[in-house]
Amino acid sequence: MRVNVNNLTFAYTQKLVLNNVSFSLKSGDFLTIHGKNGTGKTTLIRCFLKLLRVENGMIFLDDVDINKIRKFSNVGYVPQKNDFNYEFPITVSEILSCAYPRKRDAFFTQIVNSMDLNTIYNENINNLSGGQIQRVFIARALLSKPKLLILDEPTVGVDIDNVNALHDILKKLKEQSITIILVSHDMDYCSDITDYYLNFNELGEYEFEKVGGEDVSS
Ligand SMILES: Nc1ncnc2c1ncn2[C@@H]1O[C@H](COP(=O)(O)OP(=O)(O)OP(=O)(O)O)[C@@H](O)[C@H]1O
Ligand SMILES: [Mg+2]
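Quick note, the sequence shown lines up with residues 3 to 220 if you use my numbering.
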């Protein structure tokens with residue numbers, strides 16, 4: 003999926019968080035977003051998903067203004083850990099079924115296996131550890147067969163085997179021309195498959211840079 007962000011500016015009441023952000027991605031591009039706590043990474047993602055109302059600037063997915071999109075059927079999202087109410091009474095199986103309202107097939111089984119969810123498949127979400135919950139959300143996003151996958155700090159609390167498993171999955175998705183946006187505090191994670199970096203600083207300023215190329219931010 004192609005992504006275009008044009009002059010996106012966002013403020014919570016008085017506080018400017020995103021200052022005139024512009025960048026473009028082609029299908030299959032991998033963007034890694036870095037920046038200290040509170041610099042606007044999650045805010046940018048919330049703008050993408052229309053969880054925040056954008057008043058200044060525009061976002062296009064495959065050349066369609068997101069304001070004209072009713073349902074993001076091709077966008078997978080792994081929220082930052084504390085963005086979800088874990089008290090909600092729902093099982094792993096129910097969460098995955100919502101994302102995949104068809105019969106269990108080979109693809110479904112492959113995703114469940116890849117995120118190591120078999121042993122917790124029938125557990126209630128509020129009985130799981132933070133890392134286990136994170137793996138459930140990664141699987142849920144993958145099951146929606148996204149053309150754009152957005153992951154907000156997906157490896158927080160996840161053990162090394164599953165962090166590596168996620169890396170390998172993301173690498174394969176990129177090979178299938180799926181566009182990926184990853185927020186991470188780990189400067190090295192997925193550096194081998196990253197095409198662009200978006201680095202935010204505390205002033206709402208940013209740098210958009212191509213790996214091995216020039217800085218193309220304004
Ligand atoms: N709902 C809100 N209302 C007001 N201010 C908010 C709200 N959500 C976030 N902020 C503020 O906006 C700024 C950016 O927050 P955001 O969550 O986008 O940061 P982040 O880069 O994702 O940080 P982290 O690395 O901690 O996840 C912070 O200063 C934060 O306090
Ligand atoms: Mg965040």
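Where is the CB? At the ideal position from N, CA and C, for every residue including glycine.
Handout entry: Inter-residue spacing [alpha-carbon to alpha-carbon] between isoleucine 92 and proline 148
Key = 23 Å
Problem - For alanine 13, the three-state DSSP class (helix, strand or coil) - result: strand
Exercise for the section: Could you give the DSSP three-state label for histidine 36: helix, strand or coil? Expected result: strand
Exercise for the section: Thinking valine 158 and isoleucine 47 are a contact (beta carbons under 8 Å), I'd like their distance in whole angstroms, please. Expected result: With a Cβ gap of about 15 Å, valine 158 and isoleucine 47 do not count as contacting.
Handout entry: Local conformation of lysine 212 per DSSP, three classes
Key = strand
Handout entry: Own chain partners of asparagine 9 with C-beta closer than 8 Å, once the 5 adjacent residues on each side are dropped
Key = Asn22, Val23, Ser24, Asn58, Gly59 and Met60
Practice task
Enumerate in chain order the residues of its own chain whose CB-to-CB distance from histidine 187 is below 6 Å, with the five nearest sequence positions on each side excluded.
Solution key: none
Practice task
Look at the Cβ atom of asparagine 128, then the Cβ atom of glutamate 89, and state whether they are nearer than 9 Å.
Solution key: yes
Exercise for the section: Identify, in the order they occur along the chain, each residue of the same chain with its Cβ nearer than 8 Å to the Cβ of serine 166, setting aside the five sequence neighbours on each side. Expected result: First, the amino acid is wrong: residue 166 is asparagine here, not serine. None.
Practice task
Quickly, what does DSSP pair aspartate 154 with across the bridge? List them, please.
Solution key: Val185
Exercise for the section: Identify whether serine 193 lies in helix, strand or coil by the three-state DSSP scheme. Expected result: coil
Problem - glutamate 57 CB to nearest heavy atom of ligand 1 below 8 Å - result: no
Practice task
With hydrogens ignored, establish whether the beta-carbon of asparagine 39 is closer than 8 Å to any heavy atom of ligand 1.
Solution key: yes
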